[in-house]
Each structure stands twice: as C-alpha cells, then as structure tokens.
Amino acid sequence: MADNDNPIRFGIIGCAEIARKVYRAIKMVPNSTLHAIASRSIDKARQFAVRNNLSKEVKLCGDYNELLDDLSVDAIYMPLPTSLHLKWAVLAAQKGKHLLLEKPSALNVKELDKILEACESNGLQFMDGSMWYHHPRTVKMKDFLSNLELFGQIRAIYSSSSYTGTIQFLENNIRVKPDIDALGALGDPGWCSIGAILWSMNQKLPTTVTALPAIA
1 MADNDNPIRF GIIGCAEIAR KVYRAIKMVP NSTLHAIASR SIDKARQFAV RNNLSKEVKL
61 CGDYNELLDD LSVDAIYMPL PTSLHLKWAV LAAQKGKHLL LEKPSALNVK ELDKILEACE
121 SNGLQFMDGS MWYHHPRTVK MKDFLSNLEL FGQIRAIYSS SSYTGTIQFL ENNIRVKPDI
181 DALGALGDPG WCSIGAILWS MNQKLPTTVT ALPAIA
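The numbering of the sequence shown is full-length UniProt numbering, which starts it at 1 and goes up by one.
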C-alpha cells in the first residue's frame with residue numbers, strides 16, 4: 001500500500017474531459033500523484049496541461065507507448081474510447097501497470113476477459129471507472145435496501161440517466177461514432193442505469209431483456 005512518502009505515481013492515457021476530473025481527484029489524495037499524461041500528439045498533451053494548470057514536473061507524452069515504457073509510472077488511468085481499451089489495457093498490464101479503466105470497460109465480455117486475464121497474470125490491480133459504486137452514499141443506500149423492515153422487498157426498479165445532446169455533441173462526440181465507440185449512449189448513461197439495477201439486485205442477472213421503441 002502506498003503512503004504519503006511513497007505515493008502511487010499515476011499516468012493518464014488520453015485527454016478526454018473526464019480526465020480533468022480524475023486528475024483533480026488524484027491531486028486531492030495524499031498518497032497519489034500524477035507523474036505523466038499522454039495524448040496522440042504532444043500538442044494535445046500540452047493543451048491539457050495548460051487548461052488544467054499541471055505542475056511542470058508532470059511529464060507530457062505525445063505517444064501512448066512513451067508513457068507505458070516509463071518505469072516511474074505505477075498505475076494507469078485510461079479514459080480512451082471503448083474500441084481502444086483491449087489493445088492499450090492489455091499492453092499496460094504487460095508493462096506492469098495497475099489499471100483504472102474508464103467505463104464501459106470493453107466492447108464485450110470476451111474482450112473484458114482478456115483484459116482481466118492480462119492484469120491477473122501480471123499480479124496487477126484492475127478497477128473500472130464506475131465511481132459511484134465506491135461512494136460512501138452508495139454503502140448507505142445498500143444498507144437501506146437490504147433492510148426488509150425499513151424498505152421491504154424490491155418489486156420493481158426504475159433507473160434512468162440522460163444529458164442534453166447539443167448539435168455539436170450529435171455531430172462530433174465519440175458516442176455517435178460507431179467506428180470509435182460502438183456501444184454509443186448504451187455504454188455511457190446506459191452503463192450507469194443498468195449498473196444501478198444490477199447493483200440493487202446484488203448483481204443477479206435478469207432472465208429476459210426487452211427493448212422498447214422510444215415514445216415521443
């Protein structure tokens with residue numbers, strides 16, 4: 001376990017918007033520090049550094065491999081498009097890096113199994129980016145749901161997640177580009193909504209799944 005004198009040195013692969021929030025979280029934790037960030041181009045890495053006031057001690061990389069080859073990096077946070085997860089997550093594990101992988105973890109179960117196998121075979125910690133699972137509030141919610149006297153037996157669950165899709169979003173966001181992120185909206189807000197249902201049922205899988213058309 002890391003301590004304040006020997007903090008976990010994170011590397012971030014990808015300069016997605018969520019990386020900004022995770023960087024702030026890393027900075028707030030006494031036993032962790034951001035060592036490096038990588039983008040597909042050094043210019044994008046520099047832009048991220050300026051926008052987020054990164055310390056000049058943070059290493060900027062214009063290539064993902066450069067960061068993975070850095071022996072000073074202990075763990076990787078990876079907010080890449082889902083279609084890129086398998087390649088770079090497995091490579092990170094092969095380079096001996098613990099992995100915090102942004103959700104959805106993979107395009108399918110087969111790909112996720114390969115990522116988990118790579119981490120396990122190299123003795124590494126894997127965690128997906130579903131942060132709300134680990135929030136103290138979620139623990140309180142579980143205690144409440146599990147109390148039959150206070151809450152009773154669960155009969156039905158309604159879960160939803162949404163955000164405004166501007167014209168710019170609908171034209172440029174990776175969630176509307178199947179070649180980049182094939183799971184689209186189902187893999188983003190859908191991940192949270194479906195995850196909440198499974199969480200409330202202690203990860204018990206449904207016997208049937210039905211898709212209904214949208215009703216205007």
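Just so it is clear, CB atoms sit at the ideal spot from N, CA and C, and this is done for glycine as well. As the structure is a computational prediction, the values presented were derived from the model and not from experiment.
- With a cutoff of 7 Å on beta-carbon distance, Y64 and V22 are scored as not near each other.
- Beta-bridge analysis with DSSP links R9 to T33.
- N147 has its alpha-carbon roughly 22 Å from the corresponding atom of P206.
- Taken in chain order, the unbroken stretches of alpha helix (DSSP H) that lie wholly in the stretch 61-137 and span 4 residues or more are 64-68, 85-94 and 109-121.
- Taking a cut-off of 8 Å for Cβ pairs, the stretch 32-49 and the stretch 64-75 touch, as three or more such pairs fall below it.
- Distance from the CA atom of A182 to the CA atom of D5, rounded to whole angstroms, is 42 Å.
- Going by DSSP, C15 is part of no alpha helix (DSSP H) at all; its letter is neither H nor E.
- Annotated three-state conformation of K59 is strand, per DSSP.
- By the criterion of a C-beta distance shorter than 8 Å, A49 is surrounded in its chain by I37, V58 and L60, once the five residues flanking it on both sides are discounted.
- Linking I194 to D74 through their CA atoms gives a straight-line distance of about 32 Å.
- Taking C-beta atoms as the reference points, K103 and S83 fail to come closer than 7 Å.
- Per DSSP, reduced to three states, the secondary structure at A38 is strand.
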